[in-house]
Amino acid sequence: MTILEIEGLTKDFGGLRALDKVDLAVQPGEIFGLIGTNGSGKTTMLNIVTGFLKSTEGHISYKGELITGFGPHQVAQRGVARTFQLTSLFPALTVEENVISARHLNSHSGVLRAFFLTKAYHKEELRSRQKAMDILKFVRLQEKSGMIAQNLPAAEQRILEVAIALAVKPELLLLDEPVSGMNLQETARVMELIRLIQQTGTTIVIIEHNMKVITELCSIIAVLDHGVKIAEGTPEEIINNKEVISVYLGKRRVGNVES
Amino acid sequence: MWMKKHLAPLVILAVAIILPFIFRDAYSRQLLVLICVYAALALSLDIIIGYMGQISLGHIAFFGIGAYTSALLSLKLGMPVWLGWLAAIVCGGIIGYIIGYVSLRRTRGVSLAIVTFGVGFVIYLVSQNWYQLTNGFEGLIGIPSPVLAIPGLPRFTFESSFSYYYLVLAILVFTVYLISAVLRSRFGRAVVALRENEELASSVGINAFNYYVLAFTLASALAALVGATYGHYVRIVTPRLLGMDYMLMLLIMVVVGGKGTLAGPILGAAIFILVPEWLRMTAQLRLVLLGGIFLVCIIFMPQGIYPALVSLFKRASLSGRLWLSKVGGGKTF
Chain W
49 MTILEIEGLT KDFGGLRALD KVDLAVQPGE IFGLIGTNGS GKTTMLNIVT
99 GFLKSTEGHI SYKGELITGF GPHQVAQRGV ARTFQLTSLF PALTVEENVI
149 SARHLNSHSG VLRAFFLTKA YHKEELRSRQ KAMDILKFVR LQEKSGMIAQ
199 NLPAAEQRIL EVAIALAVKP ELLLLDEPVS GMNLQETARV MELIRLIQQT
249 GTTIVIIEHN MKVITELCSI IAVLDHGVKI AEGTPEEIIN NKEVISVYLG
299 KRRVGNVES
Chain S
2 MWMKKHLAPL VILAVAIILP FIFRDAYSRQ LLVLICVYAA LALSLDIIIG
52 YMGQISLGHI AFFGIGAYTS ALLSLKLGMP VWLGWLAAIV CGGIIGYIIG
102 YVSLRRTRGV SLAIVTFGVG FVIYLVSQNW YQLTNGFEGL IGIPSPVLAI
152 PGLPRFTFES SFSYYYLVLA ILVFTVYLIS AVLRSRFGRA VVALRENEEL
202 ASSVGINAFN YYVLAFTLAS ALAALVGATY GHYVRIVTPR LLGMDYMLML
252 LIMVVVGGKG TLAGPILGAA IFILVPEWLR MTAQLRLVLL GGIFLVCIIF
302 MPQGIYPALV SLFKRASLSG RLWLSKVGGG KTF
């Protein structure tokens, strides 16, 4: 059963058709790539899937359930998490607090317990911090847990974003340009992280412009251009696809070099 | 261990408890009561401003609703004052919930400020014009004082500023504790997350609307409780209580005192009740000076007076320690 099914997705912004009857199916456990020129509708599609925008037409099913029109928090409650194109954190909070806040759905510290400072409250708080640190260890940010989020270097802010998304315990993770602005080392670190996440059984959809990342990580890639899906297939098929080349990749292509 | 961690608040509480013994005249004691009342009210507004990160220009309306509710129930129905306070909380909470539910759907920021201003103004007009209920301009007079009637103990009436001070101090302490409890709960964290980044908070499963409405309701219910305590102290409730001048004063207490902190609004209340009193002697210049003080505070301490004092203290203690370590032969602390 597909984990994410998008049917006939169409989005109009007034006179501008950002998405035109796009169909997509993501299988559980795979890493699915979504590429295309800027303005091709990738982030718009992500925003619709995660409930930040309403589609004009079309349906979205998650694990067989229709989630069209759901709000962001409802989508998250079902186990779908995302990152944002422009780094999005809780800026004034510490790294640890960022993750603890993101664990909202899995936390049980009610106000009454907090008021009376019951044993259950303390136990829950300890558990919360422990789980948050586990996530930070997974993404290798545990040493900076006390740092204020906005003071982190840019690349680590992106990684913290992923940690925040992981706190939702998602079965489906949607990453919007996770390595944008990163150098080779940082990119490799994130790629490793994405592989580790896949190994835990999470399905991942990546929007990216970095072709090395896309071709090395993804088993399937879909290509959008001006809101229309123009190709879908394995990395091999995509980089050799004539239309994809002319629209996005450019004529000069040598192996896996980033265009 | 617990004592050490909470040393500062405990010391402050101890000082607060003995204050009426230091200031023995009626006038000073009256000011102390007012400070406690406005401190608690400012804290309730800070839930919206400091923790939700929104502005409500109608918050004073809940103060009024609480005062009128309790006053009416005890005057017209002869209810015990304590029940009147409970009713005030419920009434403020329900009306706050309704207003929050309707206003917080889509409006945020400046639009919300305007909406809440409108709502507050309407409630103000109601208090002025619903003559049969509120007695209009003249207001309600002869509001009874709270009476403590526990069987077996002598009957005690909270009439004097001295006794009432401890009552409102208890309410202030309760408010501080309640807010700190909320902050360390899942609810409080969600509200802070929404303030920091509403989009991100939604994406991790936080229902923005629900939590905004809940926080707004809590703030309103608290404000109503404080209003009820005020009403039974001054024993007169008039529409003036809901006026914009008090609302702005409240806003200034929160923002200049230090929003998003527990001490800030309390400090703000103390300063902006005491300073106008001290400036009385300057007659006409009073308002000009007061305005000047607001400006100076906001320009030089945009985060508020309390945060400014905290960072000053941190820098002072750091340089103090450096100095001490030099004097002590280079050993660092």
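Just so you know, the protein sequences line up as chains W and S, in that order. Numbering-wise (our numbering), the first sequence opens with residue 49 and increments by one. Numbering-wise (our numbering), the second sequence opens with residue 2 and increments by one. Even glycine gets a Cβ: it sits at the ideal position worked out from N, Cα and C.
Per-residue burial, residue i [other beta carbons within 10 Å of its own, 16 or more giving buried]
i: Y52/S; result: buried
i: F334/S; result: Low confidence applies here, because F334/S scores a pLDDT of 41, under 50, leaving its location unreliable and the question unanswered by this model.
i: M230/W; result: buried
i: Y132/S; result: exposed
i: V289/S; result: exposed
i: N95/W; result: buried
i: Y212/S; result: buried
i: D26/S; result: exposed
i: F80/W; result: buried
i: Y178/S; result: exposed
i: I51/W; result: buried
i: K6/S; result: exposed
i: F273/S; result: buried
i: G127/W; result: buried
i: Y28/S; result: exposed
i: L208/W; result: buried
i: V12/S; result: exposed
i: T230/S; result: buried
i: L64/W; result: exposed
i: G259/W; result: The amino acid occupying residue 259/W in the given sequence is Met; Gly does not appear at that position. M259/W is buried by the Cβ-count criterion.
i: M250/S; result: buried
Residue i (DSSP reduced to helix, strand or coil)
i: D26/S; result: coil
i: M293/W; result: Reading the sequence as shown, one finds Ile at residue 293/W and not Met. Residue state, collapsed to three classes: helix.
i: L78/S; result: coil
i: S146/S; result: coil
i: F138/W; result: coil
i: E78/W; result: coil
i: K315/S; result: helix
i: V205/S; result: coil
i: L265/W; result: helix
i: S320/S; result: helix
i: K277/W; result: strand
i: L154/S; result: coil
Pick from the options that is closest to residue i, judged by C-alpha positions
i: L297/W; options: L160/W, A73/W, H257/W, G62/W; result: H257/W
i: Y125/S; options: V257/S, A27/S, S318/S, Y247/S; result: Y247/S
i: P139/W; options: R206/W, T250/W, M181/W; result: R206/W
i: V127/S; options: A88/S, G65/S, L154/S, Q285/S; result: G65/S
i: Q122/W; options: L179/S, A41/S, V205/S, G121/S; result: V205/S
i: G56/W; options: H107/W, G62/W, K102/W, M93/W; result: H107/W
i: L72/W; options: G249/W, I54/W, E78/W; result: I54/W
i: R107/S; options: E199/S, I95/S, F22/S; result: E199/S
i: P240/S; options: F138/S, I99/S, L78/S, P21/S; result: F138/S
i: K277/W; options: L64/W, E144/W, T85/W; result: T85/W
i: S155/W; options: E173/W, F186/W, R130/W; result: E173/W
i: L221/W; options: K290/W, G119/W, F132/W; result: F132/W
Residue span of the alpha helix (DSSP H) that contains residue i, given as start and end
i: R130/W; result: R130/W -> not in any alpha helix (DSSP H); beta strand (DSSP E) instead, spanning 128 to 130.
i: F295/S; result: 286 to 301
i: Y132/S; result: 132 to 135
i: T91/W; result: 90 to 97
i: E309/W; result: Residue 309/W is absent from the model: chain W starts at 49 and stops at 307.
i: I268/W; result: It is not in any alpha helix (DSSP H) - I268/W instead sits in the beta strand (DSSP E) that spans 268 to 273.
i: V187/W; result: Unbroken run through V187/W: none, as it is neither H nor E.
i: L241/W; result: 232 to 247
Partners in chain S for residue i, counting only beta-carbon separations shorter than 9 angstroms
i: T91/W; result: Near T91/W there are no residues of chain S at all, since even the closest Cβ is about 13 angstroms away, more than 9 angstroms.
i: L137/W; result: E197, N198, L201
Within chain S, the residues that residue i reaches when beta carbons sit closer than 8 angstroms
i: A129/W; result: S204, V205
i: Q125/W; result: G206
i: S228/W; result: None at all; the shortest Cβ gap to chain S is about 17 angstroms.
i: T98/W; result: S204
Enclosing beta strand (DSSP E) for residue i [first to last residue]
i: E225/W; result: Here E225/W belongs to no beta strand (DSSP E), and DSSP marks it neither H nor E.
i: L72/W; result: 64 to 74
i: S161/S; result: Note, S161/S: premise wrong, no beta strand (DSSP E); not H, not E.
i: E55/W; result: 52 to 61
i: Y110/W; result: 105 to 110
i: I267/S; result: Element bounds for I267/S: not the beta strand (DSSP E) but the alpha helix (DSSP H), 264 to 279.
Contact set between residue i and chain W, taken where Cβ atoms lie within less than 9 angstroms
i: V183/S; result: V159, A162, F163
i: A309/S; result: Those within 9 angstroms of A309/S in chain W number zero; the least Cβ separation is about 17 angstroms.
i: S45/S; result: The premise fails here: S45/S is roughly 16 angstroms from chain W at the closest Cβ pair, so nothing lies under 9 angstroms.
Contacts that residue i makes with chain S (C-beta to C-beta distance below 7 angstroms)
i: T250/W; result: Correct list: empty, because the minimum Cβ distance to chain S is about 15 angstroms.
Residue i: CB within 7 angstroms of a non-hydrogen atom of the ligand MN
i: V255/S; result: Of ligands this structure carries none, so the ligand MN is not represented either.
Neighbour list for residue i in chain A, Cβ cutoff strictly below 8 angstroms
i: I212/W; result: No chain A appears in the structure shown, which is made up of the protein chains W and S.
Neighbour list for residue i in chain W, Cβ cutoff strictly below 7 angstroms
i: F188/S; result: V159
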